[in-house]
Amino acid sequence: MSWWWDLAWRSAWARRQALVMVAFSVAVSVMILLGVQQLRQDARHSFTQALSGVDLIVGPRGSASELMLYSAFQVGRPSRNMSHEAYAAVRALPQVRWALPIQLGDTYRGAPVLGSTRDLFERFQTQGQGLQWAQGRAFADPSQDPAGVYEAVLGAEVAQRHGLKLGDRLVLTHGRADGLAPEHADQPFTVVGVLAPSGAPIDRNVIISLQGFEALHQGMGMPGLPMLGGASAAGAATPSLAELAAVVPRELTAVWVGLHARTEVFSARSRIERLPQDSLMAVLPGVALDDLWQVVKLAENALLAVGGLVAVSGMLSVAAVLMVGLAARRKELAVLRALGATPAGVWGLVWLEALGVCVVGIVLGCVLHQALMWALQDLLRTELGIALQWGWPSAPTWWSLAGLVAAASLAAVVPALRAYRLSLIDGLHPPAV
Amino acid sequence: MWALRLSDLRHRWPQQSLGLHVAQVQLAQARHLFIHGPSGCGKTTLLSLLAGVVPVQAGQCEVLGQDLAKMSPRQRDHWRGEHLGVIFQQFNLITYLDVWANVMLPTRLFASRAQAAQRHWGSPAAQAQHVLSALGLDAALWHQPVHTLSVGQQQRVAAARALMGHPPLIIADEPTSALDEGHKDDFIRLLIGQAQAQGASVVMVSHDTRLATHFHQSHGLVRGGAV
Numbered sequence: 047m048s049w050w051w052d053l054a055w056r057s058a059w060a061r062r063q064a065l066v067m068v069a070f071s072v073a074v075s076v077m078i079l080l081g082v083q084q085l086r087q088d089a090r091h092s093f094t095q096a097l098s099g100v101d102l103i104v105g106p107r108g109s110a111s112e113l114m115l116y117s118a119f120q121v122g123r124p125s126r127n128m129s130h131e132a133y134a135a136v137r138a139l140p141q142v143r144w145a146l147p148i149q150l151g152d153t154y155r156g157a158p159v160l161g162s163t164r165d166l167f168e169r170f171q172t173q174g175q176g177l178q179w180a181q182g183r184a185f186a187d188p189s190q191d192p193a194g195v196y197e198a199v200l201g202a203e204v205a206q207r208h209g210l211k212l213g214d215r216l217v218l219t220h221g222r223a224d225g226l227a228p229e230h231a232d233q234p235f236t237v238v239g240v241l242a243p244s245g246a247p248i249d250r251n252v253i254i255s256l257q258g259f260e261a262l263h264q265g266m267g268m269p270g271l272p273m274l275g276g277a278s279a280a281g282a283a284t285p286s287l288a289e290l291a292a293v294v295p296r297e298l299t300a301v302w303v304g305l306h307a308r309t310e311v312f313s314a315r316s317r318i319e320r321l322p323q324d325s326l327m328a329v330l331p332g333v334a335l336d337d338l339w340q341v342v343k344l345a346e347n348a349l350l351a352v353g354g355l356v357a358v359s360g361m362l363s364v365a366a367v368l369m370v371g372l373a374a375r376r377k378e379l380a381v382l383r384a385l386g387a388t389p390a391g392v393w394g395l396v397w398l399e400a401l402g403v404c405v406v407g408i409v410l411g412c413v414l415h416q417a418l419m420w421a422l423q424d425l426l427r428t429e430l431g432i433a434l435q436w437g438w439p440s441a442p443t444w445w446s447l448a449g450l451v452a453a454a455s456l457a458a459v460v461p462a463l464r465a466y467r468l469s470l471i472d473g474l475h476p477p478a479v
Numbered sequence: 435m436w437a438l439r440l441s442d443l444r445h446r447w448p449q450q451s452l453g454l455h456v457a458q459v460q461l462a463q464a465r466h467l468f469i470h471g472p473s474g475c476g477k478t479t480l481l482s483l484l485a486g487v488v489p490v491q492a493g494q495c496e497v498l499g500q501d502l503a504k505m506s507p508r509q510r511d512h513w514r515g516e517h518l519g520v521i522f523q524q525f526n527l528i529t530y531l532d533v534w535a536n537v538m539l540p541t542r543l544f545a546s547r548a549q550a551a552q553r554h555w556g557s558p559a560a561q562a563q564h565v566l567s568a569l570g571l572d573a574a575l576w577h578q579p580v581h582t583l584s585v586g587q588q589q590r591v592a593a594a595r596a597l598m599g600h601p602p603l604i605i606a607d608e609p610t611s612a613l614d615e616g617h618k619d620d621f622i623r624l625l626i627g628q629a630q631a632q633g634a635s636v637v638m639v640s641h642d643t644r645l646a647t648h649f650h651q652s653h654g655l656v657r658g659g660a661v
């Protein structure tokens, strides 16, 4: 019997140009499906891991997703702030290992300005990795070195987009609107460090100290502090420690909290939410993001459905190409019948060929998908903040591969049935074309 | 042993008023039968019945001692592969195989034919060499792609393939109609000569009654009528 398969292989090989083309069309469609599926999984994973070191996000009581969105992703704006005393109380709780104050609201040419402390650069983690420096250093702690007030650190994307380097001066804008808002023109900040790309929203931030942030606001319209960081590049006057005492921040946007033990997350949350200093809310980032993810699920599923349909259309193109090819193969099929092939055997030959082309396309699609993901991994990480997960395909991917093979074996039935019918009609006498 | 025993064999295609009717034909093994008649008289249908491709509707159709009416389509297909050589009018060869691979096909696909070739010639390849040479196909052609051969050469390759593995019956449907006048007699002489040497019967249909002289028996089909 083995020579029948040999014959099938030689027949397919003789028509390899068309079959290779159609296998490629299957490969591209499979690549799209697998790509959509992987991006969906990894986007979700990356999104939940964007703040991987933070156990709790603390902010004024309100909507958990809102707090999550503006404090972690700088989407939307806070309706109100929390008090600085409450931050001090949170930091003093026994479960809390560290607490990072977060101050938002200003922008530099559209890039959100993030006010925090030097600890941010140590504590912040995204996708389980800490921040890396591309150049320079963190701003100095203004409570020890007043020069730190007007020092700024840039996220990778900000530095790249605006062509900024160490020593450049920035003029920060009050509020969010670009260009329309009054500029803090008298208080230029100096770039002292640039972060390496991390894929997190911090790539799009200008990071300054809390005191710097506060000085921006107090300096504006407050004649008492005009000399705070002179405008002239040559002799920028640094404020004295005494002057800095006047710029202690009173309000914060949020606080990121790391705990001694993750198991304490619920007890810490209830302690924070019962603090007398302010009416606070503590959010588990993972839980809040899961809630958010439910919202985008619809779009996500629509994308997946499109991917599936593209894959099915690839299979149908195999069926179509083989159907068209059968017209030219009628003589060949009649010879095979004369040599003793059954119509069922002819069915099997055509079915196996169609399935084989699809399977080759599917395997090729997997390879193309891996190659494409490998080529795009840096871009995805820096532009979209999606960290790809490598390794064996996940369970859903195996399922979709199994589904593709099942779809292929169904699609292969179409030309196989046609061949079966033709071999019955033609018998030993194909129409002489 | 009879190669063919047909009696009162009838066949009618759907939506066609006229049918095939063969009253009585008997052909002894190693004898050759010529069937002639105008186009549309059912010659091709008769060969399809004999080859077991078309099921028997009515009457007796015994080929090589087998009552085809009692066999399943699948059994008939397998039986055809083991015991019959078939030659068409044209397009006999598989275009993606060379001459040699085309000729070797029956012995590669069916073990019984490979064994028969081995019994008589020592190996299927030995038979292929013999038959190709006997049919006047030069060894230089054996590994050529089939499309480089002339129509006459292609028909002789088809005849060589039909002879492989010593099938007791060779069925030929207008095998000479694509050939030049001068080559028709040569082809039939070669085919019958080789079949005779193997003890096989040849059943051939053609509208060209001149060719009947090469055969032991001759029958005429009339349109919609009887033998």
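From first to last, the protein sequence lines stand for chains A and B. Start counting the first sequence at 47; every next residue gets the next number (our numbering). Start counting the second sequence at 435; every next residue gets the next number (our numbering). Note that CB positions come from ideal geometry on N, CA and C, so glycine has one too.
Does any CB atom of chain A fall closer than 7 Å to the CB of residue i?
i: F525 (chain B); result: yes
i: G616 (chain B); result: no
i: G471 (chain B); result: no
i: V661 (chain B); result: Any answer about V661 (chain B) is weak, because its pLDDT of 48 lies below 50 and its placement is not dependable; what the coordinates show is given next. No, V661 (chain B) does not count as interfacial toward chain A.
i: D642 (chain B); result: no
i: D511 (chain B); result: yes
i: V636 (chain B); result: no
i: L539 (chain B); result: yes
i: L655 (chain B); result: no
Answer with yes or no whether the minimum CB distance from residue i to chain B is below 7 Å.
i: V381 (chain A); result: yes
i: L385 (chain A); result: yes
i: A64 (chain A); result: no
i: L474 (chain A); result: yes
i: K377 (chain A); result: yes
i: A60 (chain A); result: yes
Between the options, which has its C-alpha nearest residue i's C-alpha?
i: R250 (chain A); options: A:E168, A:D152, A:L414, A:R169; result: A:D152
i: V409 (chain A); options: A:G258, A:V74, A:V311, A:F259; result: A:V74
i: R623 (chain B); options: B:G474, B:Q463, B:A593, B:V459; result: B:A593
i: R320 (chain A); options: A:L65, A:V136, A:L330; result: A:V136
i: G194 (chain A); options: A:F259, A:A202, A:G209; result: A:F259
i: C495 (chain B); options: B:L531, B:A535, B:R439, B:F522; result: B:R439
i: W436 (chain B); options: B:T541, B:L603, B:Q509; result: B:L603
i: A328 (chain A); options: A:G391, A:A205, A:M114; result: A:M114
i: P476 (chain A); options: B:Q523, B:A573, B:G476; result: B:Q523
i: F312 (chain A); options: A:R296, A:S325, A:Q323, A:L330; result: A:L330
i: R595 (chain B); options: B:A646, B:A612, B:A574, B:D532; result: B:D532
i: A387 (chain A); options: A:H415, A:Q435, A:L335, A:Y466; result: A:Y466
i: E168 (chain A); options: A:R155, A:F185, A:M77, A:L80; result: A:F185
i: W447 (chain B); options: B:H581, B:P489, B:L571; result: B:P489
How would you label residue i, buried or exposed, when you count the other beta carbons within 10 angstroms and need 16 or more for buried?
i: H577 (chain B); result: exposed
i: P601 (chain B); result: buried
i: N526 (chain B); result: buried
i: S469 (chain A); result: buried
i: W393 (chain A); result: buried
i: D442 (chain B); result: exposed
i: H466 (chain B); result: buried
i: G616 (chain B); result: exposed
i: T541 (chain B); result: buried
i: V68 (chain A); result: buried
i: G471 (chain B); result: buried
i: G281 (chain A); result: Residue placement at G281 (chain A) is poorly supported in this model, since its pLDDT is 38, which falls under 50; the coordinates still yield a value, given next. Flag for G281 (chain A) reads exposed.
Please find out if some non-hydrogen atom of the ligand HEM comes closer than 6 Å to the beta-carbon of residue i.
i: R514 (chain B); result: The ligand HEM is not part of the structure shown, which contains no ligands of any sort.
query: If you scan the region 81-164 of chain A from start to end, which runs of the beta strand (DSSP E) of 3 or more residues do you find wholly inside it?
result: 102-106, 142-154, 157-162
field: 3-residue-minimum beta strand (DSSP E) runs that sit fully inside the region 565-603 of chain B, ordered along the chain
entry: none
field: Given 8 Å, three or more beta-carbon pairs between the region 82-95 of chain A and the region 157-165 of chain A
entry: no
task: Would you check if there are 3 or more beta carbon pairs closer than 8 Å linking the region 104-120 of chain A to the region 300-318 of chain A?
output: yes
- request: Determine contact between the region 516-523 of chain B and the region 539-549 of chain B, defined as no fewer than three beta-carbon pairs at a distance below 8 Å.
  value: yes
query: Counting pairs of Cβ atoms below 8 Å between the region 390-409 of chain A and the region 360-367 of chain A, do you hit three or more?
result: yes
query: Quick one: complete beta strand (DSSP E) runs, 3+ long, within the region 230-265 of chain A?
result: 235-241, 252-255
- request: Please determine if the region 448-465 of chain A and the region 454-466 of chain B are in contact, where contact requires at least 3 C-beta pairs separated by less than 8 Å.
  value: no
- prompt: Counting Cβ pairs closer than 8 Å, one from the region 463-480 of chain B and one from the region 627-642 of chain B, do we hit at least three?
  reply: yes
- prompt: Quick one: complete beta strand (DSSP E) runs, 3+ long, within the region 444-473 of chain B?
  reply: 454-462, 467-470
field: the region 342-357 of chain A in contact with the region 471-488 of chain B per 3-pair CB rule at 8 Å
entry: no
- prompt: Mind pulling the alpha helix (DSSP H) runs of 4 or more residues that sit fully within the region 161-200 of chain A?
  reply: 165-169
query: Counting only runs that start and end within the region 301-359 of chain A, where is the beta strand (DSSP E) found for 3 or more residues in a row?
result: 326-329
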